[in-house]
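Asks: From first to last, the protein sequence lines are chains B and Y.
Here the first sequence stands for residues 1 to 452, where the numbers follow full-length UniProt numbering.
Here the second sequence stands for residues 1 to 452, where the numbers follow full-length UniProt numbering.
Glycine is no exception: its CB is placed at the ideal position from the N, C-alpha and C atoms.
After the structure tokens below, expect a handful of questions from me.
Protein chains: 2
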Amino acid sequence: MDTPQDPRSGRLRKAPESFLDAGGIATVMQQARSGRRDFLRGAFAAAAAGATAPVALAQKAVGEGEAAILELPEHTRGLGQPVVTDGYGKPSKYEANVQRRQSPGLTQTRQASVSFAPLQSLFGIVTPSGLHFERHHQGWWDIDPSQHRLMVNGMVKTPKVFTMDEIMRLPSQSRFHFIECGANTGMEWGNVAVPTVQYSHGMLSCSEFTGVPLITLLEMAGADLKNGKFLLAEGADGSSMTRTIPMSLVRSGEVLVAYGQNGEMLRPENGYPLRLVVPGVQGVSWVKYLRRIEVGDQPYGSKDEVLHYVDLMPDGTHRQYTSIQECKSVVTTPSGGQVLLDKGFYSISGLAWSGRGKIRHVDVSVDGGRNWRRARLQGPVMDKCLTRFSIDWAWDGKPAIVQSRATDETGYVQPTYRQLREVRGSRSIYHNNAIQSWLVQENGEVRNVQLA
Amino acid sequence: MDTPQDPRSGRLRKAPESFLDAGGIATVMQQARSGRRDFLRGAFAAAAAGATAPVALAQKAVGEGEAAILELPEHTRGLGQPVVTDGYGKPSKYEANVQRRQSPGLTQTRQASVSFAPLQSLFGIVTPSGLHFERHHQGWWDIDPSQHRLMVNGMVKTPKVFTMDEIMRLPSQSRFHFIECGANTGMEWGNVAVPTVQYSHGMLSCSEFTGVPLITLLEMAGADLKNGKFLLAEGADGSSMTRTIPMSLVRSGEVLVAYGQNGEMLRPENGYPLRLVVPGVQGVSWVKYLRRIEVGDQPYGSKDEVLHYVDLMPDGTHRQYTSIQECKSVVTTPSGGQVLLDKGFYSISGLAWSGRGKIRHVDVSVDGGRNWRRARLQGPVMDKCLTRFSIDWAWDGKPAIVQSRATDETGYVQPTYRQLREVRGSRSIYHNNAIQSWLVQENGEVRNVQLA
Numbered sequence: 001m002d003t004p005q006d007p008r009s010g011r012l013r014k015a016p017e018s019f020l021d022a023g024g025i026a027t028v029m030q031q032a033r034s035g036r037r038d039f040l041r042g043a044f045a046a047a048a049a050g051a052t053a054p055v056a057l058a059q060k061a062v063g064e065g066e067a068a069i070l071e072l073p074e075h076t077r078g079l080g081q082p083v084v085t086d087g088y089g090k091p092s093k094y095e096a097n098v099q100r101r102q103s104p105g106l107t108q109t110r111q112a113s114v115s116f117a118p119l120q121s122l123f124g125i126v127t128p129s130g131l132h133f134e135r136h137h138q139g140w141w142d143i144d145p146s147q148h149r150l151m152v153n154g155m156v157k158t159p160k161v162f163t164m165d166e167i168m169r170l171p172s173q174s175r176f177h178f179i180e181c182g183a184n185t186g187m188e189w190g191n192v193a194v195p196t197v198q199y200s201h202g203m204l205s206c207s208e209f210t211g212v213p214l215i216t217l218l219e220m221a222g223a224d225l226k227n228g229k230f231l232l233a234e235g236a237d238g239s240s241m242t243r244t245i246p247m248s249l250v251r252s253g254e255v256l257v258a259y260g261q262n263g264e265m266l267r268p269e270n271g272y273p274l275r276l277v278v279p280g281v282q283g284v285s286w287v288k289y290l291r292r293i294e295v296g297d298q299p300y301g302s303k304d305e306v307l308h309y310v311d312l313m314p315d316g317t318h319r320q321y322t323s324i325q326e327c328k329s330v331v332t333t334p335s336g337g338q339v340l341l342d343k344g345f346y347s348i349s350g351l352a353w354s355g356r357g358k359i360r361h362v363d364v365s366v367d368g369g370r371n372w373r374r375a376r377l378q379g380p381v382m383d384k385c386l387t388r389f390s391i392d393w394a395w396d397g398k399p400a401i402v403q404s405r406a407t408d409e410t411g412y413v414q415p416t417y418r419q420l421r422e423v424r425g426s427r428s429i430y431h432n433n434a435i436q437s438w439l440v441q442e443n444g445e446v447r448n449v450q451l452a
Numbered sequence: 001m002d003t004p005q006d007p008r009s010g011r012l013r014k015a016p017e018s019f020l021d022a023g024g025i026a027t028v029m030q031q032a033r034s035g036r037r038d039f040l041r042g043a044f045a046a047a048a049a050g051a052t053a054p055v056a057l058a059q060k061a062v063g064e065g066e067a068a069i070l071e072l073p074e075h076t077r078g079l080g081q082p083v084v085t086d087g088y089g090k091p092s093k094y095e096a097n098v099q100r101r102q103s104p105g106l107t108q109t110r111q112a113s114v115s116f117a118p119l120q121s122l123f124g125i126v127t128p129s130g131l132h133f134e135r136h137h138q139g140w141w142d143i144d145p146s147q148h149r150l151m152v153n154g155m156v157k158t159p160k161v162f163t164m165d166e167i168m169r170l171p172s173q174s175r176f177h178f179i180e181c182g183a184n185t186g187m188e189w190g191n192v193a194v195p196t197v198q199y200s201h202g203m204l205s206c207s208e209f210t211g212v213p214l215i216t217l218l219e220m221a222g223a224d225l226k227n228g229k230f231l232l233a234e235g236a237d238g239s240s241m242t243r244t245i246p247m248s249l250v251r252s253g254e255v256l257v258a259y260g261q262n263g264e265m266l267r268p269e270n271g272y273p274l275r276l277v278v279p280g281v282q283g284v285s286w287v288k289y290l291r292r293i294e295v296g297d298q299p300y301g302s303k304d305e306v307l308h309y310v311d312l313m314p315d316g317t318h319r320q321y322t323s324i325q326e327c328k329s330v331v332t333t334p335s336g337g338q339v340l341l342d343k344g345f346y347s348i349s350g351l352a353w354s355g356r357g358k359i360r361h362v363d364v365s366v367d368g369g370r371n372w373r374r375a376r377l378q379g380p381v382m383d384k385c386l387t388r389f390s391i392d393w394a395w396d397g398k399p400a401i402v403q404s405r406a407t408d409e410t411g412y413v414q415p416t417y418r419q420l421r422e423v424r425g426s427r428s429i430y431h432n433n434a435i436q437s438w439l440v441q442e443n444g445e446v447r448n449v450q451l452a
């Protein structure tokens, strides 16, 4: 596969630059006090490091003289940029390499394609909306919300068509949930070890979603909640995306008709102005540009659930409606494409999630699964949400295989590839939740390996 | 004050557009089945509403004929936009009015100014980083992280200068916290009822911050944690921002040297690449472009803590070092500048927070404080973090005064203006946490009023 390798691995790749130790600082200050500004200028011109702080300190020590002021960086001397009121804020120019990326060999057109989130560069659990993974079936649209409607029909007493204003006036909920494409980590079924965690696990994101519980709209339409055991969710884009949602998921109030994501309106790539949020379920069921909900009494068997998003089993049959994303985890630092330049301390960090509930714990191995240690979980641990874990590690410079293994609150344990293949074979595309292995080589380079 | 009134109040201002009820849908379908496409075309041309869903339904009913296809909106017929891999994602063009805004009369230059977050348009608790409020003292900078350094000196065994790589290699924490400028709601001290919640309360934001506990860096430098009772935090921009931080806040591990915000690196306006996170404390102490931490044994009395950010008391003295943001709340919907066009159901929604811990509960009044009802809190309720509350309300079309009153886990209750002024007078700028009142007039217009 022609996957460009473009990890933002600068954090690990770069050697810790030489910096002033206690002796150096004392020398600088002593020299500064004695007025030897030439020393200062020479020292800092020679240093690869810009050394903002020591320069400023030196400047303070030598007084306000012109020569010393010349040493200060522009941002300490000058007037900065004005408040940003004429546009939407953007990341630093130094972060331009942190982007969603497409895998050119994977899809035929960029409108029916995937862009992967740069998991190796992300912190915590929130995915910035500007970096949220995308999966489009016929491209994305920026639909005028004043023209958008949501119809609720089928087994209902009173079919309804809602405007956005009507939906946004109703009581809403805001909840943090992960969304993962059912095809995430799909290449690995075929033993293709894609180089970075962006490509292996990047069809995964997490946001605070805001919307109206779907059950509220169903009740307003007088839906038959007893016999109406299934729903059809339909999107407004040209892909005719339709998915069956079991009413059992909706009754609890958990499924949202969402318009908000991370505090603002959904992004166009993610279904603006309305998408379904089906916590724990694969992303394709979170229908974007949602325009219709139909209540019925049997699964709809739409093309996107009988031809696609099915699991080919070893005996040649395929499983349908396997929508819930089982417990899974991955180490994001260190991960494929990154380089550890020296021995010593590292904080191994990663993400864990389960479509069945909360993460109970995560274990980490640095020897390919022979020994495991319990990782720290960053709270609050939320339901069907990413959980950040971390553990301390002193690398001895020898080859190491780093893995994580998550357990969810149901007691389900993330499987090894061997365990997964015993049940599912190796010809699937979807629903690969096996333990990921990263090989740290003696030269510090980290690469993706698959253990038998 | 010459404050432009520019609330994004479309959601409430716009009348619910006429939409097809059950009878209308039945008629459309019946007409469609009988092939009367002229009716369809006429009906939808006449309707102000684009009525995506019904059109699509009609198209399905009349078959795939050309005439019917012409009725479909472009986004249902065409090929959309490709995946976004050549830039950072942006909000919908229809959300262009959701922006930070400056109050022109408030500050003399745009480099030493404020931009307010559009609270009236936000959901949940996360503030999108592109809309995070700003307060600059000498403008913002985009500092090269490879050149940035953090010095730790003063009462330490071994002064240290850290590179970003060294800091980011250490064990980190990610936590959701609010940040509020000490001057938020400052105009209201003078009985100036600024028109919208963006201007009255918009120096408030909330993010998931990621960084290294400051205590870790202090321990690495061998800081005297017993006698070193105070820290000086210094920024690298030209404003020479320096703030005293009590060591007592640092010892718990709560104070972070942060590089991450909402999953990615800090934004330049918010201190990229490094800022202090001091949960519960006013924003000015969250020093941006952090370049130095000095350990000392007494408060530093810097200009920004003895001349600014002090509270002028009725007796002419002023209070210093009143840094903790006390318990506060505000209703964001409905709020000033919005218009309720009809009687009936509304979901009153707002935000509550406390620098002392978690929110215990929020009460809401629609009659100016005579009667109170307990609001729903959206979980998880986190420490020193925004909490979203909501409550149902059926507006009877008569004048109403909407208020919220928060209580934190210490039992502290948000005061009325009368209570606040009894202690603090009316000549302050900072630390106004009084109950906010929004008057809903008979014509539905909402405006800011101050009750005695």
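Select from the segment 326 to 349 of chain Y all residues with a C-beta closer than 8 Å to any C-beta belonging to chain B, and list them in chain order.
Replies: So the close ones are F345, Y346, S347 and S349.
Asks: Measuring only the C-alpha atoms, how far is L204 (chain B) from S103 (chain B)?
Replies: Numbered from its first residue, the first sequence carries residue 204 (chain B) at position 204. Numbered from its first residue, the first sequence carries residue 103 (chain B) at position 103. Near 15 Å, if we compare the C-alpha coordinates of S103 (chain B) and L204 (chain B).
Asks: Any Cβ of chain Y within less than 8 Å of the Cβ of R373 (chain B)?
Replies: As a position in the first sequence, residue 373 (chain B) is number 373, starting the count at 1. Closer than 8 Å: no.
Asks: What are the start and end residues of the alpha helix (DSSP H) that includes R424 (chain B)?
Replies: Position 424 of the first sequence, counted from the start, is the residue given in the question as residue 424 (chain B). R424 (chain B) -> alpha helix (DSSP H) spans Y417 to R424.
Asks: Hey, is Q102 (chain Y)'s beta-carbon within less than 8 Å of any beta-carbon in chain B?
Replies: As a working mapping, residue 102 (chain Y) is identified with position 102 in the second sequence. It does: the Cβ of Q102 (chain Y) has a partner Cβ on chain B nearer than 8 Å.
Asks: Determine, using beta carbons only, whether A394 (chain B) and G344 (chain B) come nearer to each other than 8 Å.
Replies: The residue given as residue 394 (chain B) occupies position 394 in the first sequence. The residue given as residue 344 (chain B) occupies position 344 in the first sequence. For A394 (chain B) and G344 (chain B), yes; Cβs fall inside 8 Å.
Asks: Use the C-beta contact count for K288 (chain Y): other C-beta atoms within 10 angstroms, 16 or more gives buried, fewer gives exposed.
Replies: Within the second sequence, residue 288 (chain Y) is the residue found at index 288, counting from 1. The residue is buried, with at least 16 neighbouring Cβ atoms inside 10 Å.
Asks: Kindly indicate which residue of Y:Q147, Y:V440 and Y:Q138 has the alpha-carbon position closest to the one of N270 (chain Y).
Replies: Here residue 270 (chain Y) is taken as the residue at index 270 of the second sequence, counted from 1. Of the listed residues, the one whose Cα sits closest to N270 (chain Y) is Y:Q138.
Asks: I want to know whether the segment 361 to 371 of chain B touches the segment 315 to 324 of chain B - three or more CB-CB distances under 8 Å.
Replies: No, the segment 361 to 371 of chain B does not touch the segment 315 to 324 of chain B.
Asks: For my contact list, G337 (chain Y) and P195 (chain Y) are in at a C-beta cut-off of 8 Å; report their separation, rounded to the angstrom.
Replies: Position 337 of the second sequence, counted from the start, is the residue given in the question as residue 337 (chain Y). Position 195 of the second sequence, counted from the start, is the residue given in the question as residue 195 (chain Y). Confirmed, about 5 Å.
Asks: Can you give me the start and stop residues for the beta strand (DSSP E) that D408 (chain B) sits inside?
Replies: By one-based count along the first sequence, residue 408 (chain B) stands at place 408. Counting along the chain, the beta strand (DSSP E) containing D408 (chain B) begins and ends at A400 to D408.
Asks: For V330 (chain Y), which option in Y:Y259, Y:V278, Y:G397 and Y:S404 has the closest C-alpha, if you only look at C-alpha atoms?
Replies: Translated into positions along the second sequence, residue 330 (chain Y) becomes position 330. The shortest Cα separation from V330 (chain Y) among Y:Y259, Y:V278, Y:G397 and Y:S404 belongs to Y:S404.
Asks: Can you give me the start and stop residues for the beta strand (DSSP E) that T244 (chain Y) sits inside?
Replies: Taking the first residue of the second sequence as 1, we reach residue 244 (chain Y) at position 244. T244 (chain Y) -> beta strand (DSSP E) spans T242 to P246.
Asks: Taking 8 Å as the threshold (C-beta atoms), are S302 (chain Y) and R243 (chain Y) in contact?
Replies: Position 243 of the second sequence, counted from the start, is the residue given in the question as residue 243 (chain Y). Position 302 of the second sequence, counted from the start, is the residue given in the question as residue 302 (chain Y). Their beta carbons are under 8 Å apart, which means R243 (chain Y) touches S302 (chain Y) by this criterion.
Asks: Buried or exposed: where does V278 (chain B) fall if 16 or more other Cβ atoms within 10 Å of its Cβ makes it buried?
Replies: Here residue 278 (chain B) refers to the residue found at position 278 of the first sequence. Under this definition V278 (chain B) is a buried residue.
Asks: Within 10 angstroms of its Cβ, does D342 (chain Y) collect 16 or more other Cβ (buried), or is it exposed?
Replies: Here residue 342 (chain Y) refers to the residue found at position 342 when the second sequence is read from its first residue. Exposed is the call here.
Asks: Starting from Y346 (chain Y), follow its DSSP beta bridges and name the residues at the other end.
Replies: Along the second sequence, one-based indexing puts residue 346 (chain Y) at 346. In the DSSP output, where bridge partners are listed per residue, Y346 (chain Y) has Y:W393.
Asks: Between the C-alpha atoms of D144 (chain Y) and P273 (chain Y), what's the straight-line distance to the nearest angstrom?
Replies: To locate residue 144 (chain Y), count along the second sequence from 1; it is residue 144. To locate residue 273 (chain Y), count along the second sequence from 1; it is residue 273. Between D144 (chain Y) and P273 (chain Y), the C-alpha separation is close to 8 Å.
Asks: Taking the DSSP output, what are the residues bridged to T333 (chain Y)?
Replies: Against the second sequence, residue 333 (chain Y) aligns to sequence position 333. The partner list for T333 (chain Y) (beta bridge, DSSP) reads Y:S349.
Asks: Between the beta-carbon of M247 (chain B) and the beta-carbon of L231 (chain B), is there less than 8 Å?
Replies: For the purposes of this step, residue 247 (chain B) is taken as the residue at position 247 of the first sequence. For the purposes of this step, residue 231 (chain B) is taken as the residue at position 231 of the first sequence. Contact: yes.
Asks: By the 10 Å Cβ neighbour count, where 16 or more other Cβ atoms means buried, how is W438 (chain B) classified, buried or exposed?
Replies: To locate residue 438 (chain B), count along the first sequence from 1; it is residue 438. It counts as buried.
Asks: Assuming contact is defined by CB atoms lying nearer than 8 Å, are E264 (chain B) and N433 (chain B) in contact in what I supplied?
Replies: Translated into the one-based positions of the first sequence, residue 264 (chain B) becomes position 264. Translated into the one-based positions of the first sequence, residue 433 (chain B) becomes position 433. Against a cut-off of 8 Å, the Cβ pair of N433 (chain B) and E264 (chain B) comes out as no contact.
Asks: Do the segment 141 to 161 of chain B and the segment 232 to 242 of chain B meet, that is, are 3 or more Cβ pairs less than 8 Å apart?
Replies: With a cut-off of 8 Å, the segment 232 to 242 of chain B and the segment 141 to 161 of chain B count as touching, because enough Cβ pairs lie within range.
Asks: Nearest chain Y C-beta to W140 (chain B) closer than 8 Å, yes or no?
Replies: By 1-based counting over the first sequence, the position of residue 140 (chain B) is 140. So, interface residue.
Asks: Taking the continuous beta strand (DSSP E) assigned at T76 (chain Y), which residues delimit it?
Replies: In the second sequence, the residue the question calls residue 76 (chain Y) occupies position 76. Note, T76 (chain Y): premise wrong, no beta strand (DSSP E); alpha helix (DSSP H) at E74 to R77.
Asks: Could you check whether the Cβ of L131 (chain B) sits closer than 8 Å to any Cβ belonging to chain Y?
Replies: Here the question's residue 131 (chain B) lines up with position 131 in the first sequence. Yes, contact with chain Y.
Asks: Could you confirm whether any beta carbon from chain Y is found closer than 8 Å to the beta carbon of E180 (chain B)?
Replies: Here residue 180 (chain B) corresponds to residue number 180 of the first sequence, with the count starting at 1. It does not: the Cβ of E180 (chain B) has no partner Cβ on chain Y nearer than 8 Å.
Asks: Under DSSP, the alpha helix (DSSP H) around S207 (chain B) begins and ends at which residues?
Replies: On the first sequence, residue 207 (chain B) is found 207 positions in, with the first residue counted as 1. From DSSP, S207 (chain B) is part of no alpha helix (DSSP H) but of the beta strand (DSSP E) over L204 to P213.
Asks: Interface residues of chain Y around E208 (chain B) at Cβ under 9 Å?
Replies: Taking the first residue of the first sequence as position 1, residue 208 (chain B) is located at position 208. Under the 9 Å cutoff, chain Y gives F123, G124, I125 and V126.
Asks: Taking Cβ-Cβ distances shorter than 8 Å, what residues in chain B pair up with S200 (chain Y)?
Replies: In the second sequence, residue 200 (chain Y) corresponds to position 200, counting from 1. Residues of chain B passing the Cβ test: none, with the nearest at roughly 17 Å.
Asks: How far does the alpha helix (DSSP H) with I179 (chain Y) in it reach, from first residue to last?
Replies: Looking up residue 179 (chain Y) in the second sequence gives position 179. Segment Q173 to E180 is the beta strand (DSSP E) holding I179 (chain Y); no alpha helix (DSSP H) there.
Asks: Quick one: Cα of V98 (chain Y) to Cα of L266 (chain Y), how far?
Replies: Translated into positions along the second sequence, residue 98 (chain Y) becomes position 98. Translated into positions along the second sequence, residue 266 (chain Y) becomes position 266. Rounded to the nearest angstrom, the two C-alpha atoms are 21 Å apart.
Asks: Just how far apart, CA to CA, sit V28 (chain B) and E71 (chain B)?
Replies: Counting from 1 along the first sequence, the entry for residue 28 (chain B) is found at position 28. Counting from 1 along the first sequence, the entry for residue 71 (chain B) is found at position 71. Note that V28 (chain B) scores a pLDDT of 43, beneath 50, so its modelled location is shaky and nothing firm can be said.
Asks: Chain B partners of H75 (chain Y), CB-CB under 8 Å?
Replies: Numbered from its first residue, the second sequence carries residue 75 (chain Y) at position 75. The answer, in chain order, is W141, I143, A236, D237, G238 and Y289.
Asks: Excluding the 5 residues preceding and the 5 following P299 (chain Y) in the sequence, name in chain order all residues of the same chain whose CB lies nearer than 6 Å to its CB.
Replies: Sequence index remark: in the second sequence, residue 299 (chain Y) carries index 299 (1-based). Excluding sequence neighbours, P299 (chain Y) sits near F230 and T244.
Asks: Quick one: complete beta strand (DSSP E) runs, 3+ long, within the segment 70 to 158 of chain B?
Replies: Runs of the beta strand (DSSP E) inside the segment 70 to 158 of chain B: 114 to 116 and 149 to 154.
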